[in-house]
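Encoded as C-alpha cells, the structure appears first; notes follow it.
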Amino acid sequence: MITMKDIIREGDPILRKVASDVELPPTAEEKNILESMLEFLKNSQDEELAKKYDLRPGVGLAAPQIGISKRMFAVHFQDFDGAEYSYGLFNPKIVSHSVAKTYLSNGEGCLSVDREVPGYVPRYQKITLKATDLNGNEVKLKLKGYAAIVFQHELDHLNGVMFYDHINKGDPFFIPDNTIACD
Ligand SMILES: O=CN(O)CCNC(=O)c1cccc(Cl)c1Cl
Ligand code: NI
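Here the sequence shown is numbered in this note's numbering, starting from 5 and rising by one per residue.
What follows is the structure, given as C-alpha cells:
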C-alpha cells in the first residue's frame with residue numbers, strides 16, 4: 005500500500021516534468037499502480053486507517069507524486085452538493101473550459117508540499133475533461149466548482165505545475181476579474 009514515505013516532496017525535479025502519455029491499453033502494472041493510488045485516497049480519508057498509517061488526507065493523487073512520470077491520476081471525494089467522484093484516469097485532457105474562474109477561499113494544499121502556502125488559486129470554473137478510466141472506457145466529464153478545481157490540481161501535476169504557481173506573487177489574495185469563490 006502507498007504511505008507518506010512514497011510521496012515525492014517539492015524539490016524533486018520529477019514534480020516539474022511534463023509526464024508521458026500512457027500507451028493504451030494500460031499494462032496490468034499501470035492499472036495496479038492507479039488502483040493503489042485510489043486506495044491511498046480512500047485510506048487517507050478513513051479516520052482509523054489515516055491514524056494507523058499516519059496518512060495526510062488527500063482528495064486526489066497524481067502519478068508523479070509517487071515518482072512515476074506518467075499521465076495518470078486518481079480522485080476520490082464528494083463535492084459540496086454531495087456528488088461522489090471516484091476515478092482512476094489515464095491520459096486526462098481538458099477539451100473545453102469556461103472563461104470564468106473560481107477558487108477555494110481556504111486556498112489549496114498538496115501532499116508534495118510540506119508547508120502552508122496561503123493565497124487564492126484561480127482555476128477554470130467549468131471544464132470538460134476526456135480520459136480513459138480504469139476499466140478502459142473513454143469518459144467525458146463535465147465538471148464545475150470544487151470538482152473542477154480538484155481535477156485541475158491533479159492535471160497540473162502531470163504538467164509539472166504546482167498549485168502555488170497560480171497564486172499572485174504581489175497579492176496572494178488578489179481576485180482577478182471574472183473570478184468568484186467556489187465556497
Ligand atoms: O495532488 C493532490 N494532492 O496533493 C493531495 C493533497 N491535496 C488535496 O487533497 C487538496 C486540498 C485542497 C484543494 C485541492 Cl484542489 C486539493 Cl487536490
Ligand atoms: Ni497536489
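We treat Cβ as the ideally placed atom computed from N, Cα and C, and that holds for glycine.
Query: Residues near SER90 by beta carbon distance below 6 Å, same chain, minus five either side; Result: HIS80
Query: Buried versus exposed call for ALA67 [16 or more other C-beta atoms within 10 Å across all chains shown]; Result: buried
Query: According to DSSP, residues forming a beta bridge with THR136; Result: PHE94 and GLU142
Query: Separation of ASP10 from LEU147, as counted between CA atoms; Result: 29 Å
Query: Contact under 7 Å by Cβ, TYR107 with PRO126; Result: yes
Query: For MET41, three-class secondary structure by DSSP; Result: helix
Query: LEU38 and LEU138 closer than 7 Å at C-beta; Result: yes
Query: Cβ-Cβ distance between PHE167 and TYR124 below 7 Å; Result: no
Query: Cutoff 8 Å; reference LEU75; Cβ partners in own chain excluding five residues on either side; Result: In the sequence on display, residue 75 carries Arg and not Leu. For ARG75, where only same-chain residues beyond five positions count, the Cβ hits under 8 Å are ALA23, SER24, ASP25, VAL26, ALA67, PHE94, ASN95, PRO96 and LEU162.
Query: Cβ neighbour criterion (16 or more within 10 Å) applied to PRO29; Result: exposed
Query: Boundaries (first-last residue) of the alpha helix (DSSP H) holding GLN156; Result: 150–162
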